[in-house]
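Note that the protein sequences, when read in sequence, are chains H and B. Going by the numbering used here, the first sequence runs without a break in its numbering and finishes at 123. Going by the numbering used here, the second sequence runs without a break in its numbering and finishes at 202. Using N, Cα and C, we set each Cβ at its ideal position, and we do this for glycine too. A quick note: this is a predicted structure, and the numbers were derived from the prediction, not measured. What follows is a short report on a single structure.
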Amino acid sequence: GAGVSQSPSNKVTEKGKDVELRCDPISGHTALYWYRQSLGQGLEFLIYFQGNSAPDKSGLPSDRFSAERTGGSVSTLTIQRTQQEDSAVYLCASSLFGIRGTEAFFGQGTRLTVV
Amino acid sequence: KNQVEQSPQSLIILEGKNCTLQCNYTVSPFSNLRWYKQDTGRGPVSLTIMTFSENTKSNGRYTATLDADTKQSSLHITASQLSDSASYICVVSAWTDSWGKLQFGAGTQVVVTP
Chain H
9 GAGVSQSPSN KVTEKGKDVE LRCDPISGHT ALYWYRQSLG QGLEFLIYFQ
59 GNSAPDKSGL PSDRFSAERT GGSVSTLTIQ RTQQEDSAVY LCASSLFGIR
109 GTEAFFGQGT RLTVV
Chain B
89 KNQVEQSPQS LIILEGKNCT LQCNYTVSPF SNLRWYKQDT GRGPVSLTIM
139 TFSENTKSNG RYTATLDADT KQSSLHITAS QLSDSASYIC VVSAWTDSWG
189 KLQFGAGTQV VVTP
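Next up, the structure:
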């Protein structure tokens, strides 16, 4: 596609339920990132995929969070047993190489609300 | 503690006027600094990126400056338009950061009124 696509745009879920957020990066981009944006806060790094290397998961806030990237393309961020503090906008970005040296392009985000 | 601080948190300006946003950082060793514009409900879009040796960079009506000695950057918006209403985010990376671990400021919310 022309840009990074995320789905769903909005998700309302009950506390304790599991949710899956999807990211479709720009074709050919080897690097993919997940960030979380809470109201009034800066973006918080969650996880980074680069090609076939083991992902950098150091930003995941708890073991309820996991992510995978299948076939080096689409990525899914899964949050198990959601809590109210998980409510935020989850942003995905991709870049041709690692973000430090090249430009990253962001999706529109998924707004997650846990009630 | 956030290593990237932005000010003001928000501001309202009249259409056609200029404004300047500030970014102070403590990230070290400095690699580059970016300014992003984030419209409501959209992902951030890059405006400028500056490395250590660059003092200023322009993108249309947006001009970013960088003082790596004082660790300060500013984003100047000239002749503001209604479409400039957005959050402006300062992002800094260090050479020691692993890929993807950029330091994001909380952003300055700009509202341009007619």
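Within-8 Å CB hit, residue i to chain H
i: B:F192; result: yes
i: B:G131; result: yes
i: B:G104; result: no
i: B:K159; result: no
i: B:G148; result: no
i: B:K189; result: yes
i: B:S168; result: no
i: B:S134; result: yes
i: B:V92; result: yes
Buried or exposed by the 16-neighbour rule on C-beta atoms within 10 Å, applied to residue i
i: H:T86; result: exposed
i: H:G115; result: buried
i: B:F140; result: exposed
i: H:R77; result: buried
i: H:A96; result: buried
i: B:L170; result: exposed
i: H:G117; result: buried
i: B:L154; result: buried
i: H:S35; result: exposed
Test: residue i CB closer than 8 Å to a CB of chain B
i: H:L99; result: yes
i: H:L104; result: no
i: H:G59; result: no
i: H:G117; result: yes
i: H:E111; result: yes
i: H:G80; result: no
i: H:G50; result: yes
i: H:F114; result: yes
i: H:F73; result: no
Bounding residues of the beta strand (DSSP E) (the contiguous stretch that carries residue i)
i: H:I55; result: 52-58
i: H:L120; result: 118-122
i: H:S13; result: 13-15
i: B:A152; result: 150-155
i: H:E76; result: 73-77
i: B:T128; result: No beta strand (DSSP E) holds B:T128; DSSP gives it neither H nor E.
i: B:E93; result: 92-95
i: H:L29; result: 27-32
i: H:A39; result: 39-45
i: B:N147; result: 144-147
i: B:T139; result: 133-139
i: H:K19; result: 18-21
i: B:T201; result: 196-201
i: B:T184; result: Here B:T184 belongs to no beta strand (DSSP E), and DSSP marks it neither H nor E.
i: H:T86; result: 83-87
i: B:A167; result: That residue, B:A167, is in no beta strand (DSSP E); it is neither H nor E in DSSP.
i: B:N112; result: 107-113
i: H:F114; result: 112-114
i: H:A101; result: 96-103
i: B:L102; result: 98-102
Anticipated Cβ contact below 8 Å, residue i with residue j, distance rounded
i: H:S83; j: H:C31; result: 5 Å
i: B:S175; j: B:G195; result: 4 Å
i: H:L51; j: B:F192; result: 4 Å
i: B:R122; j: B:T144; result: With 8 Å as the limit, B:R122 and B:T144 do not qualify as a contact, their Cβ atoms being about 14 Å apart.
i: H:V20; j: H:T121; result: 5 Å
i: B:S173; j: B:V133; result: 14 Å between Cβ atoms; not a contact.
i: B:I177; j: B:Q126; result: 6 Å
Any non-hydrogen atom of the ligand SAH closer than 7 Å to residue i Cβ
i: B:G148; result: Only the bare structure without any ligand can be found here, which leaves the ligand SAH out of the picture.
Segment contact flag, the stretch 40-54 of chain H with the stretch 101-110 of chain B, C-beta cutoff 8 Å, min 3 pairs
no
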